[in-house]
Every structure is written in structure tokens, then in C-alpha cells.
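Protein chains: 4
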Amino acid sequence: MTEHSSSLPVSSAPDYLSAPAHNLKGLTIDCLDKGFVRLVDYMGDDASIVQAARVSYGDGTKKLNEDRGLIRYLLRHLHTTPFEMVEFKFHIKLPIFIARQWIRHRTANVNEYSGRYSVMKDEFYVPELSQIRPQSNINKQGRSDTALDPIVAQEIVDQFSASQQQMYQEYEGYLAQDLAREMARINLPLSMYTEWYWKIDLHNLFHFLRLRMDSHAQYEIRVYGEAIANIIKQIVPVAYEAFEDYILHSIKFSRMEYQAIQRMLKEQRSLSDSELTELGMGKREITEFHAKF
Amino acid sequence: MTEHSSSLPVSSAPDYLSAPAHNLKGLTIDCLDKGFVRLVDYMGDDASIVQAARVSYGDGTKKLNEDRGLIRYLLRHLHTTPFEMVEFKFHIKLPIFIARQWIRHRTANVNEYSGRYSVMKDEFYVPELSQIRPQSNINKQGRSDTALDPIVAQEIVDQFSASQQQMYQEYEGYLAQDLAREMARINLPLSMYTEWYWKIDLHNLFHFLRLRMDSHAQYEIRVYGEAIANIIKQIVPVAYEAFEDYILHSIKFSRMEYQAIQRMLKEQRSLSDSELTELGMGKREITEFHAKF
Amino acid sequence: MTEHSSSLPVSSAPDYLSAPAHNLKGLTIDCLDKGFVRLVDYMGDDASIVQAARVSYGDGTKKLNEDRGLIRYLLRHLHTTPFEMVEFKFHIKLPIFIARQWIRHRTANVNEYSGRYSVMKDEFYVPELSQIRPQSNINKQGRSDTALDPIVAQEIVDQFSASQQQMYQEYEGYLAQDLAREMARINLPLSMYTEWYWKIDLHNLFHFLRLRMDSHAQYEIRVYGEAIANIIKQIVPVAYEAFEDYILHSIKFSRMEYQAIQRMLKEQRSLSDSELTELGMGKREITEFHAKF
Amino acid sequence: MTEHSSSLPVSSAPDYLSAPAHNLKGLTIDCLDKGFVRLVDYMGDDASIVQAARVSYGDGTKKLNEDRGLIRYLLRHLHTTPFEMVEFKFHIKLPIFIARQWIRHRTANVNEYSGRYSVMKDEFYVPELSQIRPQSNINKQGRSDTALDPIVAQEIVDQFSASQQQMYQEYEGYLAQDLAREMARINLPLSMYTEWYWKIDLHNLFHFLRLRMDSHAQYEIRVYGEAIANIIKQIVPVAYEAFEDYILHSIKFSRMEYQAIQRMLKEQRSLSDSELTELGMGKREITEFHAKF
Chain A
1 MTEHSSSLPV
11 SSAPDYLSAP
21 AHNLKGLTID
31 CLDKGFVRLV
41 DYMGDDASIV
51 QAARVSYGDG
61 TKKLNEDRGL
71 IRYLLRHLHT
81 TPFEMVEFKF
91 HIKLPIFIAR
101 QWIRHRTANV
111 NEYSGRYSVM
121 KDEFYVPELS
131 QIRPQSNINK
141 QGRSDTALDP
151 IVAQEIVDQF
161 SASQQQMYQE
171 YEGYLAQDLA
181 REMARINLPL
191 SMYTEWYWKI
201 DLHNLFHFLR
211 LRMDSHAQYE
221 IRVYGEAIAN
231 IIKQIVPVAY
241 EAFEDYILHS
251 IKFSRMEYQA
261 IQRMLKEQRS
271 LSDSELTELG
281 MGKREITEFH
291 AKF
Chain B
1 MTEHSSSLPV
11 SSAPDYLSAP
21 AHNLKGLTID
31 CLDKGFVRLV
41 DYMGDDASIV
51 QAARVSYGDG
61 TKKLNEDRGL
71 IRYLLRHLHT
81 TPFEMVEFKF
91 HIKLPIFIAR
101 QWIRHRTANV
111 NEYSGRYSVM
121 KDEFYVPELS
131 QIRPQSNINK
141 QGRSDTALDP
151 IVAQEIVDQF
161 SASQQQMYQE
171 YEGYLAQDLA
181 REMARINLPL
191 SMYTEWYWKI
201 DLHNLFHFLR
211 LRMDSHAQYE
221 IRVYGEAIAN
231 IIKQIVPVAY
241 EAFEDYILHS
251 IKFSRMEYQA
261 IQRMLKEQRS
271 LSDSELTELG
281 MGKREITEFH
291 AKF
Chain C
1 MTEHSSSLPV
11 SSAPDYLSAP
21 AHNLKGLTID
31 CLDKGFVRLV
41 DYMGDDASIV
51 QAARVSYGDG
61 TKKLNEDRGL
71 IRYLLRHLHT
81 TPFEMVEFKF
91 HIKLPIFIAR
101 QWIRHRTANV
111 NEYSGRYSVM
121 KDEFYVPELS
131 QIRPQSNINK
141 QGRSDTALDP
151 IVAQEIVDQF
161 SASQQQMYQE
171 YEGYLAQDLA
181 REMARINLPL
191 SMYTEWYWKI
201 DLHNLFHFLR
211 LRMDSHAQYE
221 IRVYGEAIAN
231 IIKQIVPVAY
241 EAFEDYILHS
251 IKFSRMEYQA
261 IQRMLKEQRS
271 LSDSELTELG
281 MGKREITEFH
291 AKF
Chain D
1 MTEHSSSLPV
11 SSAPDYLSAP
21 AHNLKGLTID
31 CLDKGFVRLV
41 DYMGDDASIV
51 QAARVSYGDG
61 TKKLNEDRGL
71 IRYLLRHLHT
81 TPFEMVEFKF
91 HIKLPIFIAR
101 QWIRHRTANV
111 NEYSGRYSVM
121 KDEFYVPELS
131 QIRPQSNINK
141 QGRSDTALDP
151 IVAQEIVDQF
161 SASQQQMYQE
171 YEGYLAQDLA
181 REMARINLPL
191 SMYTEWYWKI
201 DLHNLFHFLR
211 LRMDSHAQYE
221 IRVYGEAIAN
231 IIKQIVPVAY
241 EAFEDYILHS
251 IKFSRMEYQA
261 IQRMLKEQRS
271 LSDSELTELG
281 MGKREITEFH
291 AKF
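In the order they appear, the protein sequences are chains A, B, C and D.
Per our numbering, the first sequence starts with residue 1, numbered consecutively.
Per our numbering, the second sequence starts with residue 1, numbered consecutively.
Per our numbering, the third sequence starts with residue 1, numbered consecutively.
Per our numbering, the fourth sequence starts with residue 1, numbered consecutively.
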């Protein structure tokens, strides 16, 4: 084994896909009333995606594709491993009920503030009045677009806040009685803020963003999704644009929907619901199909 | 802690989505000239998917969805975790060059025959003449649909076979000279058969099948993909049908393609290539778009 | 591709390592005041471990190892992949603060009850008086072995309970005002019970048990760890015994500790703290070393 | 959402645990006859581990631990998540039979040179004479420490080399006949070099190194393990030292071995094999136990 500094031209990264001139470490975006997303560190940029892909394709494709085209081709055709070669590390402060949704993404690394080791801080999420909304009639898991009566909404927000303070005072009381921290915290509410370091590669981050920037995601996690998107699009602008074009704003049609569209384009007319039913769509799918146009 | 046999009605599985009457363990499908896929064991069926989903949704949706509809709804809307609750274990015999593609699927469990511990067997993949095809002109990574000249093809197959035998005899010679197995095997060709146990959940298996049943996948791995599909559709017929409708035969349109289709349906006419270019599609994307209709 | 029922003798599993005569599905163990672990389904047993290992080793080791010995050898020497071939699925009811620790184990499949879809149930963890203990002086993250004053402890438990009821009433009030479920639940306390389906393979379950049955784990999760252990030892008795011998009750010595023990055994005497310091141990490590004997 | 550059003092990294003064990107170590490990990029250093751990522990432990001590404490007590916060990306050239062992580590990202897209290069591993050794008598999967007769060894090496050239010429012949690349390569030997980008975090890299620097690992992969170790110890010197002390050169004793040592230290004498048997050790375990001293 001999050690030397490499001057190999193998898979060198092109200059014009370079990282932004200024270092973005430390860039922070505030989220909700007391949370934030802070970029702690990152490794790679658009050029790193190209660099990794070139290893797979060897000399074979160098001439055919320019780099932006290559990145877009890769994402369009599900060649996702080169996107795993870019890594981001964030410091995030977020309410626990959001942390519980977030942590379901398993292909990431996490260090969370521990309520067993340390005293939890007196910080809770108090929603804006505009987010105090009724249950959605069409979305079993979401809130409506309309608002509750502003007086009722204010009462609810006030009660949120009052109960948060009460629970925190009880927590402090338990600690003052020397109850172990791991027990004292068990009645703290899910609206309490926690914080963590979160590290993830670009491919898995795109998957996270697709799900968490979706209109069906809970508003509070969408705020974080958008903050992260705003940060990374400065680091991987070409890949992010491809993500928007081929994933985020793409649309998937089922086998039956695909058949329907082909017929509609060929026959230059709409299909009736009974024709869609004949193609194998259920009632709910027909509604979903119409909603796509 | 008290231990008791549960009679909880919690999340009980409906009878009519039950597993096939006969146990399918041991079901084997031959693949290529000497390989196979054998179902060693499995856990769960369509009913297990419903059962797991019901835990998430509680009583909330029980009335709204009947079970087939629920399974199809889950898959259509990317609620994939209930599909992780079904597990399959296969015994697979396959050429090493296919094993190298296969192993890239990381969310599976594998025990492979070891050439360090054991003597490799004298079994190699010899392609059928019909698979001896030229490099594709349109697919950088694939073979053409046309065949090579049958005489040339026969020569190639004969040479494959002769060299396999030669390399195996050299291998046996090395072993006879007491060379360590881990060294003796290093010149064996990638066409040699290996075997492994492979365990995977249904969600990740669908991902595998989507990629490996695709027309861009190498023919030899597609054969295995189809064998696996033929096995599991007997165990999870409803989920498999949903997989075909919403994943395998679904189609994804990019943001730009979606805009194009919306315009085409509205204006009841085709769009010219320059109109597609204006929407932001590249040359290659326009070709891909046309190929979808 | 031809399909046939296999009668291959390949890697057949030995009879005497067979699963328990009676099916254990549905076996339930109560945990804490309102929780439980219920075995929903499982795939494989001790024989499955041997069967998978035999694929790796081929005929090579068949004569040398009888099966119990093989399982123990595999675990002792970190050949962990055959243990991944056994799978368990549990239905678990547990407090949210425990669920938050639990979910950090990423190599498992989870379907959790959703407070966005469904109304949370009025069930909270109220600790037994004996668990109302002061902060540990030696373990920054744990509770002491001694109890708090019983009167104080009773007061704390009463306050836990009262606040839980208050928060639940507020929750019901929010729902009555038609506040969206996903918002109404944000002030519910971490002591609330949730439930989920949890599926994991034996190798990763051993890792879970090693960490969660450890004396440094929070008492409440240890209760669940022990319940799971009590269930699986009925299904994989040989592997579980090996787990106890080689993992759970094994002990690891650092490089320096190993040197110290070798000297102590050779010189048949103890080493002084300054001798241990010379070997490179820090103060804390010396304390830890003494605690091991 | 407001965006601003953060000046938060939260979890700031200490200066004296800083990265090496010079950037190590591009550092390359040659491996075997034609392979190499090249450091393409990395994110983080010893200070990053401390930084992530501080998020978990909050202010709680700041005074008790200085940073080197904290890193060592974390590793000693299996608090492994902070080590996941450091990431490395390597470009590696290695023989395929080693790549097949390597790829079994699933928690890493890989882009490999593709023989479907590109023509494989005429580069094969030819072992040094000193590695042409007989099968080990004690290690079913390894080679002996002694050498084969040098004349025999030379013959074997010559035959390796000749057959590699022959197989490559056949490969070139197939390509000249326009056989698709994905087919032409199937008879290439496992000794052929491939290359890939490989990205992994420090925790999982330690796991890789523990297994692949072990004396039971095949010599050829150990060479790569040592090359990687030599690179990363320049980036995370404190963590690497802790890895050596608490993982690589640590030793694990089973429950029975632990009992034996306790007795031996207490009674200041050795135990006989029959006493070890009484403690529950098998024959093989007794041999392994003696080998530890």
C-alpha cells in the first residue's frame, strides 16, 4: 500500500455545476412560532451527482449528455443512486407531534434532545388563529380550508396556551420534588418543542419532500418541508428543478386512467362515467380522475 | 405482566380475504436453464394488509371502505406501510451476474452460498440462442430485439460453454493442488450459478418487481421477476392486482407533460414539437412523450 | 418457466428443532397498567436459522456441527444473517413517550394508530407508586433505586391522573367545537397510550432487546422488552438461549481492560488504580472496570 | 418563514477538535496490484460527533465531560448515533469477488461501473505469490498461514493470468461480433476489477472495519479495510482511537466465560476443562476461551 495524493482525472466534476460561491452553512429559516431549520453542514452539489453517475456509465455516455440533461435524465428514469451521493445535515426545532410524523422516515440519521438527560425547555407550539380550522369533510385526516369562528378560535388558542403553561408548571413542580426527569416529563403535551440533528441524502430527502410538501400533509410539517426545499435549492439548483418537474409536480395515472386518456386523445372527446367504470375504475377513482383535469 | 391467550377482536382480519386454501410453501418455478425460484415460507396475505391499516385508521374508516377498496386505495395513495406487514422468503438459484444486480436492493435479507466455505458447483448459465442478440441502438444498456446470425450465435454459445468448462476444470485443478477455496474461485466466470435465501416484505418486493419486470431490465432478471410475480399473486391476489393497476402499468407524466395533456384534452388537438419545447421539454423528452401515446 | 411443487431436499430443516406443537398466534402479555404485547404472526423458528445457514455453508459443515451447536456458533461469531430469516409481528399498546424511544429502531415495519384519522382513546399511563422515584445520582438519564416519600409519590400520581383527565376533557371539547382532529390532539400528554403493529426480524429484535432490556433503559420500555423476550423464547428457544449467553449476559472488555485481565490472571493479583491508569484507562473507566468484578 | 444567517451558539463545535489543517480530498491509497481507495469527499470530524451528542444531552453533561472523554464514553456505551453524523465518500477500485463481499453492507450508498452501459476494462487481480496458500486446516473459510510450494504457486499465478487474458480476448471477440455488452460480459472472471463510489457514515464504517479488518476476513478485503482506516484516522483521530480501544481490539466474553474469569480472578488459579464444561461451555468454546489468553 502506497499513499499518494491523487491526480486521477477519473470522474472529475465539471466546474460549471459548482456549488454556490458563498458557503451556506448556518443558513437558518424560522418555522412556525418558535421552530427553525438550520443547515449545519452539507457534502456535494449538482456536480457530485454527475460525478457519481459517470462512474456507472464510464466513458459511454460522456458525449451524449451534457450535465444538466444527465441529472434530469437520471431522475426521470428512476436512476436514483447518484442522488444518494449528496448529503445534508440540519439542526431542527419542531413540535413533538410533528417529530413523530417526521421520524417515520427511516433512512436518515437523528440525534434528538433527550428529556431523560436534560430538562425540557418551556417552549410550546401555539397555532396562529388562521390554523384553527374544522375537520375537513373530504379529507379524513386533515383540516378544512375554511376557518372556525374567530371568537371560538381565539378561545381554543388561549386554552392551548394556558394548559401548556399549567403542564409546564406541574413539570417544574415534579422536578422540584426531585422526581426523575424521565418520569416528570411524561405528562408534557405533544405541542412541546424538541430539537434534533437530522442527516439525510438527497434521494431520500426528495422522497421526504414529496410526501411532506404534499397538500395532504399536515400544515405544520409542510412548513418545514418548504423551509428545507428553500435551503437545498440553493445547493443543488439543477437537481431541485428536476425534482419539481419529474416528482413534485408530476402526476401518475393508473392503468385504467392511462387507457382513458389514450382514448380521449384519440377520439378527441371526454369519456362518460359509465365508460370509465367499464375501464375498471371505482367510484372514488372516477372522482379522483376528474379532479386531475 | 400476566400472560394470556388473546381473544381481542382488535383488528381482526376478514375471512373473505383469506389465504389460498392450500399451503403454497415449496412452490417452485424454474428459471433460465438451471435456476429456480422456490417459495420457502411466507407470512400474511391480503387480509394482513387490511388488518395493519385498520390499526392506523382505527374505527374511523371501517364503514367507508370495503377491503378490496381499502387495499387499492392504500396503494394508489402511497400508504405503503401496511404492505410491509406481509413477508416472503424465497430460495433462489441464479447466475452471479444477475445476483450482482439483485443485491442492490438493500431492504431484504440474504444468505448466499459461500465460495469460501464450500466448493462451487459445476453449473453455468448458457443462454438460449434467441438471447444472443446485438447491442441495442436505442438503449445504451440493453440488447436489441433482433437476433444475431444463427451461426454466429451458435458459435458464441458454444464458446461460452467451452470456456465455462475450461474455467471449472482449472478451478478443480487448483483445489486438487490444495489452493484455498477463497483463492481458487477468483477466476470463475460471472455466468456461474449461485444460490441464496432471500426474504423481503411486500412493499419492497413491489419496488423490486417494478424495476426488474421493466422492459429496460436485463432479460435474465426479468425471468426471475416474473416467476416471483407468479408466485405472490397466488398469495396476495388483491394487492397484486392493485400493484398492476397503480404501479406496474401506471404511467407518470412530468409537470410539462401534464400541462401538455391538459391542453391537448381541452383544445382537442395534438401539440407540435415546438409547442412542447415551449413547455420546457427537451428533445429526448419529446421523443419519450410521443412514445407514451 | 415451468411451475411445479418442489420436493427438493435442499436445505431441509431438521425435525427436532421444530416449532412448538401449539400455534402461539394471539399470545398476549399485559404491560404496565393498560398496555400489552400481542403476537400477531410469525415466520420461522430455530430450524429456519439452520436452514438458511446451510445455504451459505453448503455441504461443507453438515457433519461438523449439530444444529444447536451451529446456532450458537453463528451467534457467537457474528454470523447474523441467518437470524434475519425469522420474522415476528406484534400488536403493541404503549405510552407515547415509550413509542418515541421505540421508533428509533429503524429496521422494523410499523403501522401506528393515527390521531389525524381517528379519535384518540381516553387511556393514559399512570405509574405505580413504586416507580415514582428520584433522579439517579449516578445515572444522568435514569431514576434512583430508592423511592420518594410515599405521600409525595401519591400526590404526584394523583396529579398525573387529574391532569390527564383534564387534558382529555379539553380534547373532547375541541372536537365538540369541530376543531380538526389533527389540531385537537396537539396538547394531549406523552403519557397517552397509542398502539401499533410492529414487525421485525430476529437479528434486529435481538439488538432491540439487548438495548431495551439493559438496566440503563427506562423501566417502562424494559417491561415491554421482557414481554417480547418471554414470547419469542417459546418460538426460538435455542436461539434465545444463545442470545442470553453470547449477547445479553456477555461482557465486553476494552483493549486496556483486556490487557489488565491478562496481567491479573498471569500475575495472580489485582492491579492498582495507578497501574490501570498506566494502561490508558481514564478515571471513569477504572470505576467501570471495578464494577465488572 | 424568515430566512437569516444563524449566529446561534447552540451546540457549537469546539476548536481544538478541528479537522486537519489541510484538506484531505483526493487522498489515495493503492490496494492490491491495481486497485485503490480514494477519498472523494467527507463531511464532519471529531467535533461533529461532540456537536451532535450535545443536542441529545443539552446542557446536562457539558461540565462533566471534556470532548475526547465524551467521544470515548459514547462509543464505549453504544451511544452510536452521533457517529452517524460524520460521512465519507470514497472512490474504490476492487476485484469483483471482493465487491461481492463488500456490497453485503447495506447501510451505504453505491454507484458502480456498469458492464451493461460500458465496456469492461482489461484489468484483473493477479495475486502475489505469497498469497497463493493452501486451505486452512482450522478455518473452514480461509487460507493457511503457510505458503504453497513456490513452483506450484508460480504455475497457479501464471494460469490465473493466462486465463484472464483469454477470457478478455473472448469478451473483445464477442463485442466485435456486436453481441450486446450485457451478454458479452457474462463469462468474465470474478477476478476482474470494477470500481464504484461508496458513501457511508462513521458508525456504519466502524462496523464495516470491525468485520473486514478481522483476521477471519479474506486477505484481499482486509487490504482495503486497512487503507480506509489509514485515511479516516486522519480525519477523526479521536474517534478512531476510541474505535481501536473499544471495538477493534476489545474482546467479548460469553456469560460462561465471564463467570470463569470471575472465578479465576477470585480464586487466583486457572480452571480445568471439566470445570469450564460444568459452566456450560462446549468443546469448541473451551478452545476459543484458551485462545483468548
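Where a beta carbon is used, it is the ideal one built from N, C-alpha and C, also for glycine.
Only a predicted model underlies this, so the values are computations on that prediction, with no experimental measurement involved.
Taking C-alpha positions only, glutamine 154 of chain B is separated from methionine 167 of chain D by approximately 18 Å.
Proline 150 of chain C sits away from asparagine 111 of chain B, with the two beta carbons spaced by 7 Å or more. Scanning the segment 77-151 of chain C from its first residue to its last, the whole alpha helix (DSSP H) runs of 4-plus residues come out as 96-102. Listed along the chain, the chain A residues whose CB falls inside 8 Å of the CB of asparagine 111 of chain C amount to none; the nearest CB is some 10 Å away.
Nearest C-alpha to isoleucine 98 of chain D among D:Lys89, D:Met120, D:Met192: D:Met192. In the DSSP assignment, leucine 265 of chain C falls outside any beta strand (DSSP E) and lies within the alpha helix (DSSP H) extending over 255-267.
When secondary structure is reduced to three states using DSSP, methionine 183 of chain B falls in the helix class. Between lysine 89 of chain D and tyrosine 197 of chain D, the beta carbon gap of about 6 Å places them in contact (Cβ cut-off 8 Å). The beta carbon of valine 238 of chain C lies closer than 6 Å to those of Asp46, Arg68, Ile71 in the same chain, with the five residues before and after it left out. At a beta-carbon threshold of 8 Å, none of the residues of chain C lie near isoleucine 138 of chain A; the nearest stands roughly 12 Å away. Beyond the five residues adjoining it in sequence on each side, isoleucine 29 of chain B comes within less than 7 Å, by CB distance, of Phe36, Val37, Ala227, Asn230, Ile231 in the same chain, given in chain order.
By DSSP's assignment, tyrosine 197 of chain A forms a beta bridge with A:His91, A:Asn111. About 4 Å separates the Cβ atoms of alanine 52 of chain A and methionine 85 of chain A, confirming a contact at the 8 Å cut-off.
Per DSSP, the unbroken alpha helix (DSSP H) holding serine 274 of chain D starts and ends at 273-278. The shortest CA-to-CA distance from leucine 74 of chain D to any of D:Leu265, D:Lys252, D:Thr277, D:Glu241 is the one to D:Glu241. Across the structure, glutamate 288 of chain B and serine 254 of chain B are spaced so that their CA atoms are roughly 11 Å apart. The segment 206-220 of chain B and the segment 204-215 of chain D do not touch, with fewer than 3 CB-CB distances between them shorter than 8 Å.
Residues of chain C whose Cβ lies closer than 9 Å to the Cβ of methionine 167 of chain A are, in chain order, Ser163, Met167, Asn187, Pro189. Residue pairing by DSSP places methionine 167 of chain D in no beta bridge whatsoever. If the five residues before and after lysine 121 of chain D are omitted, its C-beta is found closer than 6 Å to no C-beta atom of its own chain. Contact holds between the segment 265-280 of chain B and the segment 263-274 of chain A, because three or more Cβ pairs, one in each stretch, are under 8 Å apart.
A residue is called buried when at least 16 other Cβ atoms come within 10 angstroms of its Cβ; serine 163 of chain D meets this threshold and is buried.
Phenylalanine 208 of chain D: member of the alpha helix (DSSP H) spanning 202-212, first to last residue. Secondary structure of lysine 233 of chain A (DSSP, three-state): coil. In terms of beta-carbon proximity, tyrosine 224 of chain B stays away from the interface with chain A, with every pair separated by 7 Å or more. Using a 10 angstroms sphere on the CB of isoleucine 138 of chain D, the tally of other CB atoms stays under 16, which defines it as exposed. When the five nearest sequence neighbours on each side are left out, the beta carbons in the same chain lying within less than 8 Å of the beta carbon of proline 95 of chain A are those of Leu32, Gly35, Phe124, Tyr125, Leu190, Ser191, Met192, Tyr193, Thr194, Glu220, in order along the chain. In terms of Cα proximity to leucine 129 of chain C, the closest of C:Leu276, C:Leu27, C:Phe160, C:Leu248 is C:Phe160. Looking at A:Gln135, A:Met183, A:Ser118, A:Gly173, the one whose alpha-carbon comes closest to that of isoleucine 132 of chain C is A:Met183. With respect to the 7 Å criterion, glutamine 177 of chain D and valine 152 of chain B are classified as neighbours on the basis of their beta carbons. Per the C-alpha coordinates, the member of D:Trp102, D:Gly44, D:Leu248 positioned closest to valine 40 of chain A is D:Gly44.
Straight-line spacing of the CA atoms in serine 114 of chain A and threonine 80 of chain C works out to 31 Å. Under the three-state reduction of DSSP output, lysine 292 of chain B falls in the coil class, being neither helix nor strand.
Glutamine 141 of chain A is positioned such that its CB atom lies closer than 7 Å to that of arginine 116 of chain C. Per DSSP, the beta bridge partners of methionine 43 of chain B are B:Glu87.
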